[in-house]
Amino acid sequence: MSHDNKLYQELLKQKDEITRQRKEIIESMEYACLIQTALLPQPSLIRKTLHDNFVLYLPKDIISGDFYWISEQEENILFTAGDCTGHGVPGALMSILGITSLNEIVSEVDNLKANRILNKLREKIMKSLHQTGQANESKDGMDIAFCIYNKKTKELQYSGANNPLYYIRQNILYEIKPDKMPIGVSGIEEKSFRNNVVKMKKGDVLYIFTDGFPDQFGGPKGKKFKYKPFKNLLLEIHNKNMKEQREILVSSFSEWKMDIEQVDDVLVIGVRID
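Letter 48 of the sequence shown, counting from 1, is numbered 75 in my numbering, and no numbers are missing.
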């Protein structure tokens, strides 16, 4: 066998090995996706609790660092959109920590306050990751919009870690700004999260989301979509039914992105108050 032929055979062997390893990695991620999907709220629970709603969930990779979570506690519906550090495997591991931590916290607390739950979530995440504020430790964590809606009083509590809440009433979009600190260790003083309370009205449409949609590069100049056009898009579509809103958001995202790679996980949740 000539030297060239030996080299060719070796390259073929390496190619086969890379293909095999890639297949194994994808199969592992697909299995991890099944586990992650099982931990997310099932469609039947979403319909039962949030009624008129949509969930737009577009992972960048097979598994996602974005997550959503719902729990019903008597007259209260608790729901959240979270964005963990990173995407893919690291983000997915953080999302599982977020979901399991929220389940534990809600089973333990008596007085349901959105900011109280975020304060406890921050404590739990920092404890789980052994974060004490030292310079050399991980800065992993999450940004989150957390809501509690009381079906009887129509009061909505919102508390946010870097992620805002939008709601539209009579064709006007209102924004409740989040606290500028994450769930996890940060370089700023750890204060209590604020609790914002809004009396909702029938027909109001509220949106919580992660930054994946507004941060996506695309369009004719390859720039970010940004938040102002995102607000305008929601204003344009908010009177349509929720299924149609979701479809328009998906097509708008795809048209903006064109053939540019998706830069982050995308999550948008819309709820119409009945």
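Where a beta carbon is used, it is the ideal one built from N, C-alpha and C, also for glycine.
Quantities reported herein were computed from a predicted structural model and do not represent experimental measurements.
**Request:** Please state whether DSSP places I195 in a helix, a strand or coil.
**Result:** Assignment of I195 by DSSP, reduced to helix, strand and coil, places it in the strand class.
**Item:** Contact set for E57: own chain, Cβ-Cβ below 8 Å, skip 5 residues either direction
**Value:** Hits under 8 Å: I89.
**Prompt:** Between N222 and R143, is the Cβ-Cβ spacing less than 9 Å?
**Reply:** In contact: N222 and R143 (Cβ atoms closer than 9 Å).
**Message:** Just to confirm the assignment, what range does the beta strand (DSSP E) spanning T127 have?
**Reply:** Run containing T127: none in the beta strand (DSSP E); it sits in the alpha helix (DSSP H), G115 to E135.
**Message:** Under 8 Å: do the segment 266-277 and the segment 60-76 share three or more Cβ pairs, one atom per stretch?
**Reply:** Touching, no, given that fewer than three Cβ pairs across the two stretches are closer than 8 Å.
**Message:** Distance check for L39 and I132, CA to CA, integer angstroms please.
**Reply:** In a straight line, the C-alpha of I132 is about 53 Å away from that of L39.
**Message:** Please report the straight-line C-alpha distance between G125 and L105, rounded to a whole angstrom.
**Reply:** Each residue's Cα considered, the two are about 14 Å apart.
**Asked** For N266, which of helix, strand or coil comes out of DSSP?
**Response** The answer is coil: DSSP assigns N266 none of H, G, I, E or B.
**Paired residues, beta bridge with G249 - DSSP** = G249 is not bridged to any residue.
**Three-pair Cβ contact test at 8 Å for the segment 169-176 versus the segment 137-155** = Between the segment 169-176 and the segment 137-155 there are three or more C-beta pairs closer than 8 Å, enough to call the two in contact.
**Message:** By alpha-carbon positions, which one of L192, T112, F236 and K178 ends up nearest to S165?
**Reply:** Closest option to S165, Cα to Cα, is T112.
**Prompt:** Okay, do the segment 220-240 and the segment 174-193 touch, 3+ Cβ pairs below 8 Å being the bar?
**Reply:** Yes: the two stretches touch, three or more of their Cβ pairs being nearer than 8 Å.
**Message:** If the criterion is Cβ atoms closer than 9 Å, does the pair L77 and V293 meet it?
**Reply:** Their beta carbons are not under 9 Å apart, which means L77 does not touch V293 by this criterion.
**Prompt:** For K179, which residues of its own chain have a beta-carbon under 7 Å away from its beta-carbon, when the five flanking residues on both sides are left out?
**Reply:** The answer, listed in chain order, is E102.
**Message:** Along the chain, where does the beta strand (DSSP E) containing E99 start, and where does it finish?
**Reply:** Here the beta strand (DSSP E) through E99 covers D93 to Q100.
**Enclosing beta strand (DSSP E) for R299 [first to last residue]** = DSSP places R299 inside the beta strand (DSSP E), whose first and last residues are V293 to R299.
**I264 versus I203 - alpha carbon distance** = Using only the alpha carbons, I get a separation of about 20 Å.
**Message:** For a minimum of 3 consecutive residues, which ranges assigned as the beta strand (DSSP E) are wholly contained in the segment 35-70?
**Reply:** For the segment 35-70, not a single whole beta strand (DSSP E) run of length 3 or above is found.
**Request:** Can you grab the Cα-Cα spacing for the pair K229 / D43, in whole Å?
**Result:** Taking the straight line from one Cα to the other gives about 60 Å.
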